[in-house]
Amino acid sequence: MSETEEITTHRSTVAKWTHGLSQATGSPGGGAGAGVMLAIAASLTSMVAGYTEPDAQRADRLSAILAQAKDRRETALQLADDDATASQAFGAAFKVDPGPEREEAIREAAIGAAQSSAELGDHAVSAIEDLAWLAEHGKRALIADVVVAFGALRAAVAGARTNASFDLATLKSSGSTLEQIQASHPRLWASVQTLTAAIERIDACTASIDDRAAPTDPAGTS
0 MSETEEITTH RSTVAKWTHG LSQATGSPGG GAGAGVMLAI AASLTSMVAG YTEPDAQRAD
60 RLSAILAQAK DRRETALQLA DDDATASQAF GAAFKVDPGP EREEAIREAA IGAAQSSAEL
120 GDHAVSAIED LAWLAEHGKR ALIADVVVAF GALRAAVAGA RTNASFDLAT LKSSGSTLEQ
180 IQASHPRLWA SVQTLTAAIE RIDACTASID DRAAPTDPAG TS
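Under numbering that gives the first Met the number 0, the very last position in the sequence shown is 221; numbers go up by exactly one each time.
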């Protein structure tokens, strides 16, 4: 087993993991990178929530945000490793000799990869409201960290959206049209639209607090 194949988010240092990402292997690749970005967003969410001192009315919500962020970080790291595995299957499918067996291998790998991306996207979307709440009620001195978390979350959502869409479109290589793909995989198809809307929501949240996070930027003070 090569050095790159042994790399995982749980066992590798950041230096080793990003070195693996830099290699021309695709495992880990962009999807795994999106998972790590979600883990970063979850970690920053947890940090800001941990610094925040709630009043009695908001203690339960803050406690829930902390618990969800902790679970989301662990889940995101596992999904990053799962995506790396899915990438290997994808690459292997395209190496099969032309014919029905190759088409079936591509179909299965594409669906599996799209499902992996959609699952990551679901977890990322669930993080938006927690960060939006912290933007409003979290410790004000950490508003810049909230914006950084939104940036990482946006990268995770955009990555999940693009990968899911690309993976679905790859089914055309096995003879399906886009109309047939939509009819056969409506949930995965709809997830792309959901993630597109999530990006817009994140952008709106970030724009609404930019004047507090970057007060010296003329664009934020106009």
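Backbone N, C-alpha and C define an ideal beta-carbon position, used for all residues, glycine too.
| Asked | Found |
| --- | --- |
| Same chain, Cβ closer than 6 Å to S26, neighbours up to 5 away in sequence not counted | A83, S86 and Q87 |
| Residue range of the alpha helix (DSSP H) that includes P99 | P99 to H136 |
| Helix, strand or coil at V145 according to DSSP, with G and I counted as helix | helix |
| Straight-line Cα distance separating A23 from T215 | 41 Å |
| Local conformation of E178 per DSSP, three classes | helix |
| E52, DSSP secondary structure in three states | coil |
| Residues near L141 in its chain [Cβ-Cβ closer than 7 Å; skip 5 each side] | V47 and Y50 |
| Proximal residues to R72 (C-beta, below 6 Å), its chain only, five neighbours per side dropped | A38, A41 and S42 |
| Within 7 Å, strictly: CB atoms of S116 and N162 | yes |
| Euclidean distance between Cα positions of R101 and Q77 | 28 Å |
| Which listed residue (A123, S190 and R57) has its alpha carbon closest to that of G137 | R57 |
| Sequence-distant residues of the same chain with beta carbon closer than 8 Å to L20, five excluded per side | P27, G28, A31 and G32 |
| Host alpha helix (DSSP H) of F89 (start-end) | A58 to A92 |
| Three or more C-beta pairs below 8 Å linking the segment 146-155 and the segment 102-113 | no |
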